[in-house]
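Here the structure comes first, spelled out in structure tokens, and everything after it is commentary.
There are 2 protein chains.
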Amino acid sequence: MTAHWDGRIEALAERLRSRGYRLTPQRLAVVEALLADGSHPSAADVSAKVRERHPMVSLATVYQTLDVLKELGEVLELDFGEGFSRYDARHPYPHPHAICARCGAVHDVHDASPIDIAAWASRATGFAIHGYRLDFYGLCPCCRGSDTSSAPEGS
Amino acid sequence: MTAHWDGRIEALAERLRSRGYRLTPQRLAVVEALLADGSHPSAADVSAKVRERHPMVSLATVYQTLDVLKELGEVLELDFGEGFSRYDARHPYPHPHAICARCGAVHDVHDASPIDIAAWASRATGFAIHGYRLDFYGLCPCCRGSDTSSAPEGS
DNA sequence: TTCCGTGCAAAGAGTTTGCATCTGT
DNA sequence: ACAGATGCAAACTCTTTGCACGGAA
């Protein structure tokens, strides 16, 4: 299967080198782990994925590589108030997310907004808007049907 | 001066008592600190403010009180990815914020959105949307004019 | 008197950093 | 060969928790 992030590994490798960063096996492994699926992995998720095939890559290296990728604008750090960060290397630009309160899944929302919310906010606030974040909380289509209660855990 | 949160201290006191919570001097001090100004204070900010007049109130008590207030729905916990949470007791319901990248100020956006973004997101994602957060990043009107560079710190 | 709340200090989670060793270019 | 990257462990920040004391109902 092909998708728009095909070739992103090669592009990233080139980008790293041209900016004076070395392309180490560890960095390659982190990039591969980030792009492996459409999820929004935490640093621990990335580390676990990397260790499946490169058991000696340390968590510190994962964090350091994520920092480099953030600096290059090739990964987006997402904080949903869970106590840790998630990362998105497939779509490293601001876009809305929908978070399921029951199963915890994070979905990307790629539909174009019917309005230019940044322009609206600029008008409403007087700010020069550089970016935004828009997160929706609710039940994903899957969890909507499978349970009448919306709480992740019974209190 | 009067504002819509006048009487909120009294209302909160009543709410606490009716729910079986005690109204202690510490809790009153935390509530006062939260409502003192329109900023979006962190727990440390609240603690500092409380200690101006009640030096023996511990940080743990501040956190515990914030938990109670969150449970009552009287304070909103906000996480802007700064590594700590901020709290809003004046407007404890979801509303957009605008964060200045230069001075760090957090402004409330009270203008009504021109569209029902929750309805849009529901249509776009199939989620049952329960809530959302919308944060804008940029330069506040004050910082816009005072400096041509947008970085909080020179790198 | 009976709990609930407090203060202290220690524990906890996630992230960052110092330093000696190793490696891509 | 040399600058930069790695791995380990310790440090750091914010937040939560255990426990004995203290005060309100």
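Residue numbers (our numbering), protein chains in the order written: chain A, 1308 to 1462; chain B, 1308 to 1462.
Glycine residues also receive a C-beta, built at the ideal position from the N, C-alpha and C atoms.
Being a predicted model, the structure only gives us computed values, none of them experimental.
Residue i versus residue j - alpha carbon distance
{"i": "A:S1456", "j": "A:R1409", "result": "Unreliable positioning characterises A:S1456 in this predicted model, as indicated by a pLDDT of 47, which lies under 50. The coordinate reading is nonetheless provided below. Approximately 9 angstroms, taken between the alpha carbons."}
{"i": "B:R1322", "j": "A:L1330", "result": "59 angstroms"}
{"i": "A:L1319", "j": "A:E1381", "result": "8 angstroms"}
{"i": "A:F1434", "j": "A:R1440", "result": "15 angstroms"}
{"i": "A:D1442", "j": "A:L1341", "result": "21 angstroms"}
{"i": "A:S1346", "j": "A:V1413", "result": "7 angstroms"}
{"i": "B:D1415", "j": "A:S1354", "result": "37 angstroms"}
{"i": "A:H1398", "j": "A:R1315", "result": "11 angstroms"}
{"i": "B:A1351", "j": "B:Y1394", "result": "11 angstroms"}
{"i": "A:G1438", "j": "A:C1407", "result": "24 angstroms"}
{"i": "B:R1451", "j": "A:S1429", "result": "12 angstroms"}
{"i": "B:A1426", "j": "A:P1348", "result": "28 angstroms"}
{"i": "A:P1403", "j": "A:S1325", "result": "31 angstroms"}
{"i": "B:A1336", "j": "A:A1396", "result": "45 angstroms"}
{"i": "B:A1343", "j": "B:V1357", "result": "10 angstroms"}
{"i": "A:L1366", "j": "B:P1448", "result": "41 angstroms"}
{"i": "B:T1432", "j": "B:T1368", "result": "41 angstroms"}
{"i": "A:L1376", "j": "A:Y1370", "result": "10 angstroms"}
{"i": "A:H1361", "j": "A:R1334", "result": "11 angstroms"}
{"i": "B:V1338", "j": "B:I1436", "result": "31 angstroms"}
{"i": "A:Y1328", "j": "B:P1332", "result": "56 angstroms"}
{"i": "A:Y1444", "j": "A:V1364", "result": "34 angstroms"}
{"i": "A:G1411", "j": "B:L1373", "result": "25 angstroms"}
{"i": "B:H1417", "j": "A:E1317", "result": "45 angstroms"}
Start and end residues, beta strand (DSSP E) containing residue i
{"i": "B:E1405", "result": "It is worth fixing the name first, because residue 1405 of chain B is Ala in this sequence and not Glu. Note, B:A1405: beta strand (DSSP E), 1404-1407."}
{"i": "A:L1446", "result": "1435-1446"}
{"i": "A:D1386", "result": "1383-1386"}
{"i": "A:R1329", "result": "Element bounds for A:R1329: n/a, residue is neither H nor E."}
{"i": "B:S1392", "result": "1392-1395"}
{"i": "A:D1415", "result": "1413-1415"}
Chain B contact for residue i (CB, 9 angstroms cutoff)
{"i": "A:R1326", "result": "no"}
{"i": "A:Y1400", "result": "no"}
{"i": "A:D1418", "result": "yes"}
{"i": "A:S1392", "result": "yes"}
{"i": "A:P1421", "result": "yes"}
{"i": "A:D1344", "result": "no"}
{"i": "A:R1451", "result": "yes"}
{"i": "A:A1350", "result": "no"}
{"i": "A:A1367", "result": "no"}
{"i": "A:H1361", "result": "no"}
{"i": "A:A1355", "result": "no"}
{"i": "A:A1425", "result": "yes"}
The alpha helix (DSSP H) enclosing residue i, as first and last residue numbers
{"i": "B:R1324", "result": "1315-1325"}
{"i": "B:D1374", "result": "1366-1378"}
{"i": "B:A1351", "result": "1350-1360"}
{"i": "A:I1424", "result": "1424-1432"}
Test: residue i CB closer than 9 angstroms to a CB of chain A
{"i": "B:D1395", "result": "no"}
{"i": "B:D1374", "result": "no"}
{"i": "B:G1445", "result": "yes"}
{"i": "B:H1347", "result": "no"}
{"i": "B:C1410", "result": "no"}
{"i": "B:A1304", "result": "Outside the modelled stretch of chain B, which goes from 1308 to 1462, sits residue 1304 of chain B, for which no answer is possible."}
{"i": "B:P1332", "result": "no"}
{"i": "B:I1316", "result": "no"}
{"i": "B:A1320", "result": "no"}
Looking at chain B, which residues of the stretch 1427-1443 of chain A have a Cβ within less than 8 angstroms of any of its Cβ atoms? For chain B, the residues of the stretch 1427-1443 of chain A that bring a beta carbon within less than 8 angstroms of one of its beta carbons are W1427, A1428, S1429, A1431, T1432, G1433, F1434, A1435, I1436, H1437, G1438, Y1439, R1440, L1441, D1442, F1443, in chain order.
* **Three CB pairs or more closer than 8 angstroms across the stretch 1415-1427 of chain B and the stretch 1416-1425 of chain A** => yes
Check: Can at least three beta-carbon pairs, one atom from the stretch 1382-1398 of chain A and one from the stretch 1374-1391 of chain B, be found at a separation below 8 angstroms?
Finding: yes
Beta carbons nearer than 7 angstroms to chain B: which residues of the stretch 1377-1388 of chain A have them?
D1386, G1388
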